[in-house]
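Heads up, the thing below is written out as C-alpha cells.
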Amino acid sequence: MIIARNDESKPVKGWYSELVRPELPSIGFANQGIKESHYHRKSYEVYLVAKGSSKIRVAEITTTLHAGDVLIVEPGELHTFVENTSDYFHFVLHCPPTRDDKVVLP
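Numbering (UniProt numbering) for the sequence shown: 1 to 106.
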C-alpha cells in the first residue's frame with residue numbers, strides 16, 4: 001500500500017508521480033488549470049472535474065467542463081485552460097507518466 005498525503009501548507013495543487021511505480025499513471029490535483037498553451041509528446045492527460053467548472057481550449061475547440069465531467073487530451077493536442085470558477089477542483093492523470101514530455105508554446 002502507498003499513501004500520499006497533501007502538505008496543507010502548500011497551494012491546492014500537487015503531483016504524486018514520484019510516489020508511485022513508473023508503470024502507473026502520475027496523479028495530480030489542482031484548483032485551477034494551466035493557462036499556457038502546451039501539449040505532451042507521449043502522455044495522455046485525463047481530467048476528472050470534482051467541483052466547479054472551467055473553460056478549456058483543446059486544438060481549436062473551447063468547451064466548458066463541469067463537476068463530474070471527464071476530458072481526455074491526446075498526445076500532441078495543444079491545450080490550455082481559459083478560466084475557472086472559484087470553487088473549481090480537478091484530478092488529472094498522465095498516462096504513461098513521461099518526464100520532460102510537456103512542450104510549451106510561446
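Glycine included, every Cβ here is placed at the ideal spot set by N, Cα and C. Just so it is clear, the structure is predicted and the values come from calculations on it, not from any experiment.
Residue i to residue j span [Cα, whole Å]
{"i": "Glu-23", "j": "Val-92", "result": "16 angstroms"}
{"i": "Thr-63", "j": "Ser-86", "result": "18 angstroms"}
{"i": "Ser-43", "j": "Pro-25", "result": "9 angstroms"}
{"i": "Arg-21", "j": "Asn-84", "result": "32 angstroms"}
{"i": "Tyr-47", "j": "Glu-36", "result": "16 angstroms"}
{"i": "Ala-59", "j": "His-79", "result": "6 angstroms"}
{"i": "Asp-101", "j": "Val-70", "result": "22 angstroms"}
{"i": "Gln-32", "j": "Arg-57", "result": "14 angstroms"}
Closest by C-alpha distance to residue i, when choosing among the options
{"i": "Lys-55", "options": "Phe-89, Arg-99 and Leu-105", "result": "Phe-89"}
{"i": "Ser-53", "options": "Val-73, Ala-30, Glu-77 and His-38", "result": "Ala-30"}
In DSSP terms, what residue i is bridged to
{"i": "Ser-26", "result": "His-94"}
Coarse secondary structure for residue i, derived from DSSP in three states
{"i": "Thr-85", "result": "coil"}
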